[in-house]
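Going line by line, the protein sequences match chains L and P. Residue 1027 is where the first sequence starts when you use the numbering used here, and the numbers rise one by one after that. Residue 63 is where the second sequence starts when you use the numbering used here, and the numbers rise one by one after that. Just so it is clear, CB atoms sit at the ideal spot from N, CA and C, and this is done for glycine as well. What you are looking at is a predicted structure, and each value in this text was computed from that prediction instead of being measured.
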Amino acid sequence: MSTVAVHDHGVAHHDEHGHEHHHNETFVSKYIFSMDHKMIGKQFLITGITMAVIAMILSILFRIQLAYPDKTFPLLTTLLGHFAPNGRISTEFYLSLVTIHGTIMVFFVLTAGLSGTFANLLIPLQIGARDMASPFMNMLSYWFFFLASVVMLSSFFVQSGPASGGWTIYPPLSALPKAMPGSGEGMTLWLISMVLFVASSLMGGINYVSTILNMRTKGMDLWKMPLTIWALFLTAVLGILAFPVLVAGVVLLIFDRSFGTSFYLSDIVLNGVQQPYEGGSPILFQHLFWFLGHPEVYIVIMPAMGISSEIMSVNSRKPIFGYHAMVYSLIGITVLSFIVWGHHMFVTGMNPFLGGVFMITTLIIAVPSAVKTFNWLATLWRGNIRFTPAMLFAIGMVSFFISGGLTGIFLGNAALDINLHDTYFVVAHFHLVMGSAAIFGMLAGVYHWFPKMFGRLMDEKLGYLHFWLTFIGAYLVFFPMHFMGLDGVPRRYYAFTEFASMQKWLTINTFITWAAIMAALAQVAFLYNFVVSIFAGKKTTQNPWESNTLEWTTPVEHLHGNWPGEIPTVYRWPYDYSKPGAEEDFIPQTVPFSQTMSSNLPHDFEDNPAGLAELNRFKSTLKAEEKVK
Amino acid sequence: MAFKKLINSKTILSFFAAFMLFGTNLLMAQTTPGATGAGEDANQVNWTGVAYYVLLFFLICLGIAAVGKILKIYDLSLKIQGKKGLKWNNVMGVICLVFLLAGLYGAYWSFTVQGSMTLPEAASVHGVKVDEMFTLTTVLTMFVFFVTQILLFGFLFKYRHSDKRRAHFLPHDNTIEKIWTIVPAVVLTILVVFGFFTWQSIMDTQQVKGDINIDITGHQFAWELRYPGKDGKLGPKNFKLTTASNKLGVDFTKKSSFDDLSADTMYLPVNKAIRLNIEAQDVIHSVYMPHFRVQLNAVPGLPTFFKFTPTITTAQMRSRLNDPTFEYLVYCNKICGGGHYNMQKVVRVVTEAEYQTWLLHQKPYLTDGLRKELHFAAAEPQKTVSQNRLALNN
Ligand code: HEM
Ligand SMILES: [Cu+2]
Ligand SMILES: [Cu+2]
Chain L
1027 MSTVAVHDHG VAHHDEHGHE HHHNETFVSK YIFSMDHKMI GKQFLITGIT
1077 MAVIAMILSI LFRIQLAYPD KTFPLLTTLL GHFAPNGRIS TEFYLSLVTI
1127 HGTIMVFFVL TAGLSGTFAN LLIPLQIGAR DMASPFMNML SYWFFFLASV
1177 VMLSSFFVQS GPASGGWTIY PPLSALPKAM PGSGEGMTLW LISMVLFVAS
1227 SLMGGINYVS TILNMRTKGM DLWKMPLTIW ALFLTAVLGI LAFPVLVAGV
1277 VLLIFDRSFG TSFYLSDIVL NGVQQPYEGG SPILFQHLFW FLGHPEVYIV
1327 IMPAMGISSE IMSVNSRKPI FGYHAMVYSL IGITVLSFIV WGHHMFVTGM
1377 NPFLGGVFMI TTLIIAVPSA VKTFNWLATL WRGNIRFTPA MLFAIGMVSF
1427 FISGGLTGIF LGNAALDINL HDTYFVVAHF HLVMGSAAIF GMLAGVYHWF
1477 PKMFGRLMDE KLGYLHFWLT FIGAYLVFFP MHFMGLDGVP RRYYAFTEFA
1527 SMQKWLTINT FITWAAIMAA LAQVAFLYNF VVSIFAGKKT TQNPWESNTL
1577 EWTTPVEHLH GNWPGEIPTV YRWPYDYSKP GAEEDFIPQT VPFSQTMSSN
1627 LPHDFEDNPA GLAELNRFKS TLKAEEKVK
Chain P
63 MAFKKLINSK TILSFFAAFM LFGTNLLMAQ TTPGATGAGE DANQVNWTGV
113 AYYVLLFFLI CLGIAAVGKI LKIYDLSLKI QGKKGLKWNN VMGVICLVFL
163 LAGLYGAYWS FTVQGSMTLP EAASVHGVKV DEMFTLTTVL TMFVFFVTQI
213 LLFGFLFKYR HSDKRRAHFL PHDNTIEKIW TIVPAVVLTI LVVFGFFTWQ
263 SIMDTQQVKG DINIDITGHQ FAWELRYPGK DGKLGPKNFK LTTASNKLGV
313 DFTKKSSFDD LSADTMYLPV NKAIRLNIEA QDVIHSVYMP HFRVQLNAVP
363 GLPTFFKFTP TITTAQMRSR LNDPTFEYLV YCNKICGGGH YNMQKVVRVV
413 TEAEYQTWLL HQKPYLTDGL RKELHFAAAE PQKTVSQNRL ALNN
């Protein structure tokens, strides 16, 4: 079990394909109940991708309903049985699709799939640790996640169908099994799944935080950590502080559903029948939910931001612009994200003054977001940009973040939110700023660190194809939705046929659906590329992107403990790209300043007077030599 | 490879053409009898149609594979000739530029064409303020949108990789960073200040007097309306009193309940302050009247209200929009179950005179059935109502 101990494998002896190792590692302990952080990262990734594909198919199903509200598709009945009688998805099942799509995408793909993959893979590798602080807990974290996924999907197999109150599951709708079919067993399974999920997330998060705080290699002080690590660290902190509140909310909901309490319920007459609940408040649930829910959206986007920052710096061959500002804005976002949750509740009837306060905090959070955007642009400025697929996806992330972030400024303004709340404008906002941006950050990470994970390269041309089809597809899908929202079209409507004023959007709905189908099919290019490259991709070199960070100093073949010998010492920050005076256009973190005299800058020695003196001496001898000449 | 030859040969092209022809024929043949034939076909899966689409997708994949192979061969042949091979960084740089131009045009198109399909001018007093706020925000944010996207994709094109160049080492610049922290902060402060006061003036209306009280109650999947009678007061409610004939649970131990009216359509007099009292019975709904820029959740157990003043009558709006069928509507805008997508109520804004005549024709909430249920003597309250009317007429 002591994965943290040094294992002295000879690199040459390693066999990728899981033959018995010289120490007794079985198939089960290597691939299934693995405690190696790299394998756990891969498990999270593959489970995450599987869930993403499922959620994507769900979205295509409900898009078909929106595009063709009067057509029948017998195939749907064949596939879905009583959920789609007579070739049409039922109204309730439509809402189930929307609900499970949202839940899977937000929690299972963009939280567990994204943080789980890259925190596990990158934290030990980039800070120079042999494994996570607690490999066993790390393993449990994955298996709780897996269990949560299975329970969530199993709700498709209960007679009354999966949960259908929207991914935000507001009671009383979700609390009263008679309010809609999905609030029956499906909802129970949803709640169980989420409790398991949060357990997984907490075990992961505690591990990430303690590893980053305690297990950095020599020389890796906090201000030498790559932005990916900063982002993953702050994400984990957010998760640890916010997720327990969701559990509290969920447990009270379970009580209301199963034990007759009235935490969220009061004065209810359902289908003409008075219910015995009194004294509760449905709004209480919303406070608890969004106290997690808003930090959650940053839990989703911050790893994507960190990954994109790293990839953009590597591929522009330039240091990330304003490293300190990038870290401080991440910290700012982390802190502020706990005091803005009320912006999801402006029109619940809360005290107007409270709404005003939440509006102020919400618009303040846009400032660090703006700083990050400008810093990314400045990173590209006068760079020498290499278009790897990872780079393209990182850029896509920035573009989406701008487009979606700006609409946040409308929604954050309570006065404007009166008319925009729960319309397609909100759908457009969060699918761009969260959905698309975070997925692109995740895909960027997959393309970039694929060689680290699997020892092989993905095909670049297919990556290009994948990027452009997905990028254009996402804009075609979500851009028109802004205008639907501005026309007052509500979200979560099964069909636009019942309102004369909405019929003009029917053709645009058809267009959006076809754009979505194109983008979905483009994912086949990715899946093919991903699977084939694992087995038959071109073998990678040790540092394929000529990057500075520590993970590229480990051998291509994986081994427990990551580095065959001692863990390397870190001497400098991770962004010394294209430094004037250096031979190569990158200087890895493991190269001491004493070896790069010609490129050192006074700035490098801000808190190291001895080093500065050394540099000055070096410079004066240089000058002296020049004079002699 | 033989595979390459196969793909590049002309036979495959002609095969593709034949396939397309066959496929379209097949689809057409399928749809025609379906349309003319009896309804029993409707549940039959059209497997050939499905297979056709699947095959079509595979063909597209093959086509893409072929293009990929051709590119590879071209690249190789360039290299054999001693040239550099395809410069993908240049290709991508150019595509970024093309995307920028196409995207700018697309955004412009979307703003003009789809932008003109959005809601008409606000039909309420506060709505005008909301729209002003919206315009200000749009101008500021769209400026940032265009500038940043142009810079982003412009930089990608301009600074695409070249072996001859090295990137400019620029780790930070405190001055410019301060500028782009302070400028957004100032702009957002302006928006916050305006927004805050607009919001307060719309929502903080407890003190505003002289409203017409209207009760709107949501349940799965309809809205119930209740207007006050001559006393201008709505009777109190208690959910425990709810029965089939007392749907809202109005409390008839109070005087003010007796003259309440129930209505099917929400009539509003123009230019009068309205106070909508909003509640729900079963799950959360949301009263959404987008033309008036009004929205507030209807929450069971939590009565709330929204005050607003309509300014444009339905008739005026019809002529402005050149749409004789136009109606203002209440939508339900909070997911509430299977019927959520069709939970609407017509709203008519009319002149004061029209409103008064309409009001005279509304049925009392206290129906005969309810009277019986509550064991009221049939005549007694009737009298009070007519007395009130008399008093008012004098
Ligand atoms: C620039 C800063 C941002 C501001 C001011 C902002 C503001 C808002 C507001 C006010 C809402 C509520 C809208 C409504 O329901 O009426 C909202 C919804 C949402 N935002 Fe943002 N947002 C910002 C950035 C983000 C980011 C970075 C993410 C995620 C990565 C995000 C994800 C979401 C999601 C998921 C929702 C919808 C939740 C739902 O109702 O289902 N937002 N945003
Ligand atoms: Cu939020
Ligand atoms: Cu409703």
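How long is the line joining the alpha carbons of L/Ser-1334 and L/Ser-1200, rounded to whole angstroms? Locating residue 1334 of chain L in the first sequence gives position 308, where the first residue counts as 1. Locating residue 1200 of chain L in the first sequence gives position 174, where the first residue counts as 1. Approximately 37 Å, taken between the alpha carbons.
As assigned by DSSP and simplified to three states, the class of P/Tyr-289: Here the question's residue 289 of chain P lines up with position 227 in the second sequence. In the three-state reduction of the DSSP assignment, P/Tyr-289 falls in the strand class.
Among residues of its own chain, excluding the 5 on either side of L/Gln-1091, which ones have a beta-carbon nearer than 6 Å to its beta-carbon? For the purposes of this step, residue 1091 of chain L is identified with residue 65 of the first sequence, where counting begins at 1. Contacts found: Ile-1115, Tyr-1120.
For chain L, find out if any of its Cβ atoms is closer than 8 Å to the Cβ of P/Leu-383; answer yes or no. Counted from its first residue, the second sequence places residue 383 of chain P at position 321. Interface with chain L (8 Å Cβ-Cβ cutoff): P/Leu-383 is excluded.
For the candidate residues P/Trp-109, P/Phe-161, P/Tyr-170, P/Lys-134, whose alpha-carbon lies nearest to that of P/Leu-218? Here residue 218 of chain P is taken as the residue at index 156 of the second sequence, counted from 1. In terms of CA proximity to P/Leu-218, P/Phe-161 leads the group P/Trp-109, P/Phe-161, P/Tyr-170, P/Lys-134.
Reference L/Lys-1478; option with closest CA among L/Asn-1146, L/Gly-1381, L/Phe-1088, L/Leu-1136: By 1-based counting over the first sequence, the position of residue 1478 of chain L is 452. For the options L/Asn-1146, L/Gly-1381, L/Phe-1088, L/Leu-1136, the alpha carbon positioned closest to that of L/Lys-1478 is the one of L/Asn-1146.
Using a Cβ-Cβ cut-off of 6 Å (strictly less than) and excluding sequence neighbours within five positions of L/Asn-1410, which residues of its own chain qualify? Here residue 1410 of chain L refers to the residue found at position 384 when the first sequence is read from its first residue. Cβ neighbours of L/Asn-1410 beyond the five flanking positions: Arg-1343.
Please report the straight-line C-alpha distance between P/Thr-94 and P/Leu-118, rounded to a whole angstrom. In the second sequence, the residue the question calls residue 94 of chain P occupies position 32. In the second sequence, the residue the question calls residue 118 of chain P occupies position 56. Note that P/Thr-94 scores a pLDDT of 42, beneath 50, so its modelled location is shaky; the value from the coordinates is reported in the next line. Rounded to the nearest whole angstrom, the C-alpha separation of P/Thr-94 and P/Leu-118 is 21 Å.
Kindly say whether P/Ile-212, judged by its beta-carbon, lies nearer than 8 Å to any beta-carbon of chain A. Of the protein chains in this structure, namely L and P, none is chain A.
Counting C-beta neighbours from all protein chains within 10 Å, is the total for P/Tyr-170 16 or more, i.e. buried, or is it exposed? Along the second sequence, one-based indexing puts residue 170 of chain P at 108. Flag for P/Tyr-170 reads exposed.
What are the uninterrupted segments assigned as beta strand (DSSP E) that are 3 or more residues long and contained completely in the region 1581-1628 of chain L, given in chain order? Complete beta strand (DSSP E) runs here, min 3: none at all.
With 16 other CB atoms within 10 Å as the buried threshold, where does L/Arg-1598 fall? Stepping through the first sequence from its first residue, residue 1598 of chain L is reached at position 572. With 16 or more Cβ atoms within 10 Å of its Cβ, L/Arg-1598 is classed as buried.
Give, in chain order, every unbroken run of the alpha helix (DSSP H) that is at least 4 residues long and sits entirely within the region 1180-1208 of chain L. Listed in chain order, there is nothing to give.
Could you tell me if P/Tyr-115 is buried or exposed, where buried requires 16 or more neighbouring beta carbons within 10 angstroms of its beta carbon? Against the second sequence, residue 115 of chain P aligns to sequence position 53. Counting other Cβ atoms within 10 Å of its Cβ, P/Tyr-115 stays below 16 and is therefore classed as exposed.
Which listed residue (L/Met-1484, L/Phe-1456, L/Met-1544) has its alpha carbon closest to that of L/His-1505: One-based indexing of the first sequence puts residue 1505 of chain L at position 479. For the sequence presented, residue 1505 of chain L should be read as Phe rather than His. Of the candidates L/Met-1484, L/Phe-1456, L/Met-1544, L/Phe-1456 places its Cα closest to the Cα of L/Phe-1505.
Nearer than 7 Å: is that true of the beta carbon of L/Val-1366 relative to any heavy atom of ligand 2? Start at 1 with the first residue of the first sequence, and residue 1366 of chain L comes out as number 340. It does: the Cβ of L/Val-1366 is within 7 Å (strictly closer) of some heavy atom of ligand 2.
Closest to P/Ile-238 by CA distance: which of L/Phe-1525, L/Ala-1404, L/Thr-1647, L/Gly-1637 is it? Here residue 238 of chain P is taken as the residue at index 176 of the second sequence, counted from 1. P/Ile-238 has its Cα closest to that of L/Ala-1404, out of L/Phe-1525, L/Ala-1404, L/Thr-1647, L/Gly-1637.
For P/Met-328, three-class secondary structure by DSSP: As a working mapping, residue 328 of chain P is identified with position 266 in the second sequence. Strand, per DSSP.
Could one say the Cβ of P/Trp-458 lies closer than 8 Å to chain L's Cβ atoms, at least one of them? One cannot answer for residue 458 of chain P here, as it falls past the ends of chain P, which runs 63 to 456.
Would you call the region 1155-1170 of chain L and the region 301-318 of chain P in contact, with 3 or more CB pairs under 8 Å? In short, these stretches do not touch, since the Cβ pair count stays below three.
Can you tell me whether P/Met-328 is buried or exposed, with buried defined as 16 or more other CB within 10 angstroms of its CB? For the purposes of this step, residue 328 of chain P is taken as residue 266 along the second sequence, with counting starting at 1. So P/Met-328 counts as buried.
Give the straight-line distance between the Cα atoms of P/Lys-316 and P/Thr-375, rounded to the nearest whole angstrom. Taking the second sequence and counting its residues from 1, the one referred to as residue 316 of chain P is at position 254. Taking the second sequence and counting its residues from 1, the one referred to as residue 375 of chain P is at position 313. The straight-line gap from Cα to Cα measures roughly 35 Å.
Compute the distance between the beta-carbons of L/Thr-1194 and L/Phe-1384, then report whether it is under 8 Å. Reading the first sequence from its first residue, position 168 is the one you call residue 1194 of chain L. Reading the first sequence from its first residue, position 358 is the one you call residue 1384 of chain L. Against a cut-off of 8 Å, the Cβ pair of L/Phe-1384 and L/Thr-1194 comes out as no contact.
Which of helix, strand or coil DSSP assigns to L/Phe-1504: Locating residue 1504 of chain L in the first sequence gives position 478, counting from the first residue. Here L/Phe-1504 sits in helix by DSSP.
With a threshold of 8 Å between beta-carbons, can L/Leu-1406 be considered close to chain P, or not? As a position in the first sequence, residue 1406 of chain L is number 380, starting the count at 1. Cβ-Cβ to chain P under 8 Å: yes for L/Leu-1406.
The region 1350-1370 of chain L / the region 1619-1637 of chain L touching (three or more Cβ pairs under 8 Å): Because the criterion of three Cβ pairs below 8 Å is not met, the region 1350-1370 of chain L and the region 1619-1637 of chain L do not touch.
Mind pulling the chain P residues with CB within less than 9 Å of L/Phe-1525? Mapped onto the first sequence, residue 1525 of chain L falls at position 499. Under the 9 Å cutoff, chain P gives Leu-391, Tyr-393, Tyr-403, Asn-404, Gln-406.
Go through its chain and collect everything with a Cβ distance to P/His-437's Cβ below 6 Å, but skip five positions before and after it. Position 375 of the second sequence, counted from the start, is the residue given in the question as residue 437 of chain P. Apart from the 5 residues on each side of it in sequence, P/His-437 has no Cβ closer than 6 Å to any other Cβ in its chain.
With 8 Å set as the bound, which would you pick, yes or no: does the beta-carbon of L/Trp-1193 sit closer than that to a beta-carbon of chain P? Position 167 of the first sequence holds residue 1193 of chain L. So, not an interface residue.
Comparing alpha-carbon positions, which option in P/Leu-323, P/Asp-273, P/Thr-199 lies nearest P/Tyr-427? The residue given as residue 427 of chain P occupies position 365 in the second sequence. Checking every option, the nearest Cα to that of P/Tyr-427 belongs to P/Leu-323.
Look up P/Pro-251 in the DSSP assignment and say whether it is helix, strand or coil. As a working note, residue 251 of chain P is residue 189 in the second sequence. With the sequence shown as reference, residue 251 of chain P is identified as Thr, and Pro is not the correct amino acid for it. Helix.
Any heavy atom of ligand 2 inside 7 Å of the beta-carbon of L/Val-1459? Within the first sequence, residue 1459 of chain L is the residue found at index 433, counting from 1. Not so, every heavy atom of ligand 2 lies at least 7 Å from the Cβ.
Which same chain residues, not among the five before or five after L/Ala-1225, have their C-beta less than 7 Å away from its C-beta? As a working note, residue 1225 of chain L is residue 199 in the first sequence. Scanning its chain for C-beta atoms nearer than 7 Å, with the 5 sequence neighbours on each side dropped, one finds around L/Ala-1225 the residues Phe-1170, in chain order.
Mapping DSSP to helix, strand and coil, what is P/Ile-212? Your numbering for residue 212 of chain P matches position 150 in the second sequence. When DSSP states are grouped into helix, strand and coil, P/Ile-212 belongs to the helix group.
Would L/Pro-1628 be called buried (16 or more neighbouring beta carbons within 10 Å of its own) or exposed? As a working mapping, residue 1628 of chain L is identified with position 602 in the first sequence. The Cβ neighbour count for L/Pro-1628, taken over all protein chains shown within 10 Å, is under 16; the residue is labelled exposed.
Could you give the distance in angstroms between the alpha-carbon of L/Ser-1429 and the alpha-carbon of P/Asn-300? The residue labelled residue 1429 of chain L in the question sits at position 403 within the first sequence. The residue labelled residue 300 of chain P in the question sits at position 238 within the second sequence. Answer to the nearest angstrom: the Cα atoms are 48 Å apart.
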